[in-house]
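Taken in order, these protein sequences are the chains called L and Z. Counting from 1, position 9 in the first sequence corresponds to residue 9 in our numbering; the numbering is continuous, with no gaps. With positions in the second sequence counted from 1, the corresponding number in our numbering is that position plus 419. Have a look at the structure below before the remarks.
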Amino acid sequence: MSTTLNPGERPTGYLPEGADINRNIAARRLRGKIWQALFFSSLVIGLLALGTLLYTIIDDSFGYIAVQTKIDPEELSDRPLAELSKEELIEILRANISAGLFRRFDRDEPFSERSKESVLQLIEERVIGREVVASFKLTESLLERERIEATVRERFPRARLEFHSWLNRDFLTRPMSSVPILAGVGNAILGSLWVIAITMILAVPIGILGGVYLEEYASDTWYYRLIETNINNLAGVPSIIYGILGLAVFVRALEPLTSGAAFGVTDSNGRTILSAGLTMALLVLPLMIINAREAIRAVPQSIRQASYGLGATKWQTVWHHVLPNALPGILTGTILSMSRAMGETAPLIVVGASTFVVFFPDSVFDKFTVIPIQIYNWTSQPGSQFRNIAAAAIIVLLVTLLLLNATAILLRNRFKRSY
Amino acid sequence: MEQEARVSIERSAVIPAGTINLRGRRRFGERIIETIVFICGAISIFTTTAIVIVLFQEAWLFFGSPEVDLTEFFSTTTWQPETGRFGIWPLMMSTLITSIIALLVAVPLGLGAAIYLSEYASPTARGYLKPILEVLAGVPTVVYGYFALTFVTPVILQGLLGKENVEIYNMLSAGLTMGIMILPLVASMSEDALSAVPRSLREGSYGLGATRLETSVRVVVPAALSGILAAVIVAMSRAVGETMIVALAAGAGPRFTFNPLQAAETMTGHIARISGGDISYASIQYTSIFAIALVLFFMTLLLNLLSGWVVRRFREVYE
């Protein structure tokens, strides 16, 4: 044994004796405690990140806004505008805008045919001209009210301070607008629903049957192994590649079909809801198949054997016994795929979601926008009010996803069977 | 006995012998269904084939055009479609830098969280904590992009390093946020691998007098190494292919730089920006995104195959 060791250094295989044992154990326990704290803190950091994320979003969705008007509504009339008759409103409008502009509005749609609401809207836009000149975060709104009031008095003397929730009913129903406070996610919600519907109509049956093939029908041949490896690899392909595939195949090559030209629709190109839905269907298909397989595999073999024993054919066994028993698992997988499709943004940018759509889609051949695209679009705009509506749109998206996932968990627990 | 005999006698009385054909019938319905089911399974092959054909076809057009040269594509460091200079390195480099930053965040934190969940946490605590981590994994990436741009860059990075040192769009912020995004993936996959290590190994280690830390780090982690490595590789592939965070936070415009505090566009970010604008299908910019996508596809494919190989090669099998 070497005797030239430095003090404190020990040869391998050294067994501590006497007082050394206690010191050795104390040191190891201390090291254990330190590392346990480190492991725990990495978990805490993960959770803190989630907390900060939610906090940032909520902080941006509510808060004070400074509103400035060209003219005080009370100067226009001694009664609230909403209580005035249509004729009185028209008079106010005529008195406050130039005669040329008034004639132009009349030419666009004669005032005699306009509703009271539309006149009121014109007054609000053209005469009162509400404009948000500054917006503040929730935290500062709650804690530093005096400072905000002082800033606003100094920089915008005519502005009025009011508490505003960027997430409100108007936001949920209105279409896109270039003025943040008038913008909404109404048509984006509808667009998301259209795209998800097409995705699911295609991906669910194909995914389930694909799972049935791999679990029930396939024998261990080379093409079975090819399909299996292929599906697992497809699940790892970045989503933007699916976007590229959709751009080349659905938007360009199949343009007559996806633009609706083959069905008599003339005013569109291939960048439609249909192309988006088809692309998303290809994207979630591997996920659907993998989930369906797992659900089918969990059905015990004895059920199949009992069915065969009674003389059922393969498809009768699958249809009447395997699929009903696998249904909860398949449903869970379906909902998870759906929430994936719901939050996916990159492929839709490539396929060509329009960033500025003001109408509500009413057919699969329409241009479209979806909630994540709106979030992307608003986040990349300069101007803090776009951040506010981006945050509000994120809340809409996250609440939808949370509801979907909660449903998945409920379904799983409700229909869980033990064999 | 007697009763059974009577039953069989009655049966044969009802159905005269010789009328039941027990041979399997041909069922055309079954054949049709079998074909349909096979087609549904094989559609995934169609997807892959279509991806490969589309990428190669357009990339072929790209490399065939007079402005482009294959060696120049892989060896030069300027990507300027306007002047006809196509060197992929600026895009590739910022993809690598953001991904490596993401892994530096996600791997230690994810592994630490996994070890805590699997070796230290009580079953009740694990029951609550793991779903929360999975919620973090389910947040759409565009939301993380928003987080990077409105919180990580202005509050954390510019707060710590000074406003003049950090550009509004920078790779560090994108990388850090991406790390937070893939952290739950690493944690969840590693936790699965750690939990799969049989209890007897831990008991054996405790029996030899090892502490919990020594058991975790020297026995359980090595036993679960294949799963953990696979998790790291899958995380790398996710980071390379991630689009929304880098599109929002890493900057628009290719730039060859090693400084993570500067803006530089990644491969995915470039594809998203170019295809999001109005481009003509005949332009070289249009075909160039297919060439980038082809490189990206092979990078992620390689990583996915590697992760499969690692699992097979290093797997420790316990009964």
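Ideal placement from N, C-alpha and C gives every residue a C-beta, glycine not left out.
Residue i classed as buried or exposed, judged by whether at least 16 other C-beta atoms fall within 10 angstroms
{"i": "Gly-598 (chain Z)", "result": "buried"}
{"i": "Gly-329 (chain L)", "result": "buried"}
{"i": "Thr-221 (chain L)", "result": "exposed"}
{"i": "Phe-570 (chain Z)", "result": "buried"}
{"i": "Pro-157 (chain L)", "result": "exposed"}
{"i": "Glu-216 (chain L)", "result": "buried"}
{"i": "Gly-503 (chain Z)", "result": "exposed"}
{"i": "Thr-438 (chain Z)", "result": "exposed"}
{"i": "Arg-147 (chain L)", "result": "exposed"}
{"i": "Tyr-14 (chain L)", "result": "exposed"}
{"i": "Thr-332 (chain L)", "result": "buried"}
{"i": "His-689 (chain Z)", "result": "buried"}
{"i": "His-320 (chain L)", "result": "exposed"}
{"i": "Asn-589 (chain Z)", "result": "buried"}
Spatially closest choice to residue i from the options, by CA coordinates
{"i": "Val-636 (chain Z)", "options": "Z:Tyr-535, Z:Ile-698, Z:Ala-593", "result": "Z:Tyr-535"}
{"i": "Ser-656 (chain Z)", "options": "Z:Val-456, Z:Leu-522, Z:Thr-496", "result": "Z:Leu-522"}
{"i": "Gly-646 (chain Z)", "options": "Z:Leu-530, Z:Ile-439, Z:Trp-479, Z:Thr-454", "result": "Z:Leu-530"}
{"i": "Ile-296 (chain L)", "options": "L:Leu-234, L:Gly-211, L:Glu-146", "result": "L:Gly-211"}
{"i": "Leu-161 (chain L)", "options": "L:Asp-106, L:Arg-145, L:Glu-88", "result": "L:Arg-145"}
{"i": "Ser-363 (chain L)", "options": "L:Leu-254, L:Phe-171, L:Ser-192, L:Thr-173", "result": "L:Ser-192"}
{"i": "Ile-289 (chain L)", "options": "L:Lys-137, L:Val-318, L:Thr-334", "result": "L:Thr-334"}
{"i": "Ala-643 (chain Z)", "options": "Z:Ser-592, Z:Arg-692, Z:Leu-725, Z:Val-729", "result": "Z:Val-729"}
{"i": "Ile-395 (chain L)", "options": "L:Ser-61, L:Arg-169, L:Ala-235, L:Val-127", "result": "L:Ser-61"}
{"i": "Leu-604 (chain Z)", "options": "Z:Met-511, Z:Thr-676, Z:Ser-592, Z:Val-653", "result": "Z:Val-653"}
Per-residue DSSP class, three states only, for residue i
{"i": "Ser-614 (chain Z)", "result": "helix"}
{"i": "Glu-486 (chain Z)", "result": "coil"}
{"i": "Gln-681 (chain Z)", "result": "coil"}
{"i": "Ile-587 (chain Z)", "result": "coil"}
{"i": "Ala-159 (chain L)", "result": "coil"}
{"i": "Trp-315 (chain L)", "result": "helix"}
{"i": "Ala-393 (chain L)", "result": "helix"}
{"i": "Tyr-700 (chain Z)", "result": "coil"}
{"i": "Ala-629 (chain Z)", "result": "coil"}
{"i": "Gly-63 (chain L)", "result": "strand"}
{"i": "Ala-183 (chain L)", "result": "coil"}
{"i": "Gln-305 (chain L)", "result": "helix"}
{"i": "Ser-2 (chain L)", "result": "Because Ser-2 (chain L) sits at a pLDDT of 44, beneath the cut-off of 50, its placement in the model cannot be relied upon, and the following sentence gives the value as read from the coordinates. The answer is coil: DSSP assigns Ser-2 (chain L) none of H, G, I, E or B."}
{"i": "Ser-135 (chain L)", "result": "strand"}
{"i": "Thr-369 (chain L)", "result": "coil"}
{"i": "Glu-421 (chain Z)", "result": "Here Glu-421 (chain Z) scores only 48 on pLDDT, less than 50, and its place in the model should not be relied on; the value that follows carries that caveat. Reduced to three states, the DSSP call for Glu-421 (chain Z) is helix."}
{"i": "Val-426 (chain Z)", "result": "For Val-426 (chain Z), the predicted structure reports a pLDDT of 49, less than 50, and the residue's modelled location is therefore unreliable. A value from the coordinates is still provided. If DSSP states are grouped into helix, strand and coil, Val-426 (chain Z) belongs with the helices."}
{"i": "Phe-675 (chain Z)", "result": "coil"}
Contact with chain L by residue i, beta-carbon distance below 8 Å
{"i": "Glu-491 (chain Z)", "result": "no"}
{"i": "Ala-691 (chain Z)", "result": "yes"}
{"i": "Glu-735 (chain Z)", "result": "no"}
{"i": "Thr-719 (chain Z)", "result": "yes"}
{"i": "Val-456 (chain Z)", "result": "yes"}
{"i": "Val-561 (chain Z)", "result": "yes"}
{"i": "Pro-485 (chain Z)", "result": "no"}
{"i": "Thr-687 (chain Z)", "result": "yes"}
{"i": "Phe-570 (chain Z)", "result": "yes"}
{"i": "Val-639 (chain Z)", "result": "no"}
Residue-chain proximity (residue i, chain Z), Cβ-Cβ < 8 Å
{"i": "Trp-166 (chain L)", "result": "no"}
{"i": "Asp-362 (chain L)", "result": "no"}
{"i": "Lys-426 (chain L)", "result": "The shown model of chain L, from 1 to 419, leaves out residue 426 (chain L), and the question about it has no answer."}
{"i": "Pro-80 (chain L)", "result": "no"}
{"i": "Tyr-213 (chain L)", "result": "yes"}
{"i": "Pro-238 (chain L)", "result": "yes"}
{"i": "Ser-2 (chain L)", "result": "With a pLDDT of 44 at Ser-2 (chain L), under the threshold of 50, the modelled position of this residue cannot be trusted; read the value that follows with caution. Closer than 8 Å: no."}
{"i": "Thr-345 (chain L)", "result": "yes"}
{"i": "Asn-405 (chain L)", "result": "yes"}
Contacts of residue i in chain Z (Cβ-Cβ under 9 Å)
{"i": "Thr-199 (chain L)", "result": "Within 9 Å Cβ-Cβ: nothing; Thr-199 (chain L) doesn't reach chain Z, min ~14 Å."}
{"i": "Leu-285 (chain L)", "result": "Ile-462, Ser-463, Thr-466"}
Where residue i meets chain Z, residues with beta-carbon distance less than 7 Å
{"i": "Ala-203 (chain L)", "result": "Chain Z residues near Ala-203 (chain L): none, gap ~10 Å exceeds 7 Å."}
{"i": "Pro-372 (chain L)", "result": "Pro-559, Val-561"}
{"i": "Ala-390 (chain L)", "result": "Tyr-565"}
{"i": "Tyr-308 (chain L)", "result": "The contacting residues do not exist; Tyr-308 (chain L) stays about 12 Å from chain Z at best."}
Partner residues on chain L for residue i, Cβ-Cβ distance less than 8 Å
{"i": "Thr-517 (chain Z)", "result": "Neighbours of Thr-517 (chain Z) on chain L: none; closest Cβ ~14 Å, over 8 Å."}
{"i": "Pro-527 (chain Z)", "result": "Ser-42"}
Closer than 7 Å at the beta carbon, the chain L residues around residue i
{"i": "Phe-566 (chain Z)", "result": "Leu-53, Thr-56"}
Proximal residues of chain L, C-beta to C-beta of residue i below 9 Å
{"i": "Tyr-539 (chain Z)", "result": "Gln-36, Phe-39, Phe-40"}
Within chain C, the residues that residue i reaches when beta carbons sit closer than 8 Å
{"i": "Arg-446 (chain Z)", "result": "The chain inventory of the structure shown lacks chain C, comprising the protein chains L and Z."}
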